[in-house]
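**Q** Just so you know, the sequence shown maps onto residues 1 to 172 in full-length UniProt numbering. Glycine included, each C-beta is placed from N, C-alpha and C at the ideal position. Keep in mind the model is a prediction, meaning the values are calculated, not measured. Have a look at this one.
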Amino acid sequence: MRQTSEADYSEFATTAWPRLYRTAVMIVGDPQLAEDLVQSALVKTYLAWPRLREADKAHAFTRRVMVNLSHDWFRKHSWTHEKAADVTAHDTESSDDHSSGLVDRVALADVLASLPLGQRSVVALRFLDDLSVQETADLLNVTAGTVKSQTSAALAALRSHAHLSPEGRHHD
């Protein structure tokens, strides 16, 4: 790889890491596994870098590799109810009511943990990565209808937990 390509890849990897990691944590539910997943995806991107040449293509390629690797890993290990981690664990709470924000994040992590892998993947890609229905469908190799139904089911599950919304928040 040429030195300029090496520098371009390095810049891409540094810039892409936080977003990829956040998405991976939401999908796989484990910070260490998510880190391994992102690293593996970035290695595959490095190997394909001479063909990619554009940052948009590299992002799409890396995201696709990461999602495929995660789904392959879960299939291989036969996980059906994996635990989603708190995807906002590293956020800082600036309000006076830090404990309320922490409770909400823990509750959200518990609700996300209850979602099947496909629904978590759709939620992560649609709402964390801001992909369209069609982009998500293409990435997951499913139909747009499947993405819509998975999104609908995931959002219904999230809505059913009224304690996550400000008006339905329960404080003991």
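Which one of F61, T62, R63, A34 has the shortest CA to CA distance from F74?
**A** It is A34.
**Q** For R126, is the classification buried or exposed, using 16 other Cβ atoms within 10 angstroms of its Cβ as the cut-off for buried?
**A** Its Cβ being crowded by 16 or more others within 10 Å, R126 is buried.
**Q** Below 8 Å, how does it come out for the stretch 150-160 and the stretch 108-123: are there three or more Cβ pairs, yes or no?
**A** Output reads yes: the stretch 108-123 touches the stretch 150-160.
**Q** Going by C-alpha to C-alpha distance, which of T15, F61, D110 sits closest to S160?
**A** Checked all of T15, F61, D110; the closest Cα to S160 is D110.
**Q** In terms of residue numbering, what span does the alpha helix (DSSP H) encompassing D138 cover?
**A** Residues 133-140.
**Q** Residues in its own chain within less than 6 Å of residue 214 by CB, not counting five upstream and five downstream?
**A** It is not possible to answer for residue 214, since the shown part of the chain is limited to 1 through 172.
**Q** Can you tell me whether DSSP reads G145 as helix, strand or coil?
**A** Reduced to three states, the DSSP call for G145 is helix.
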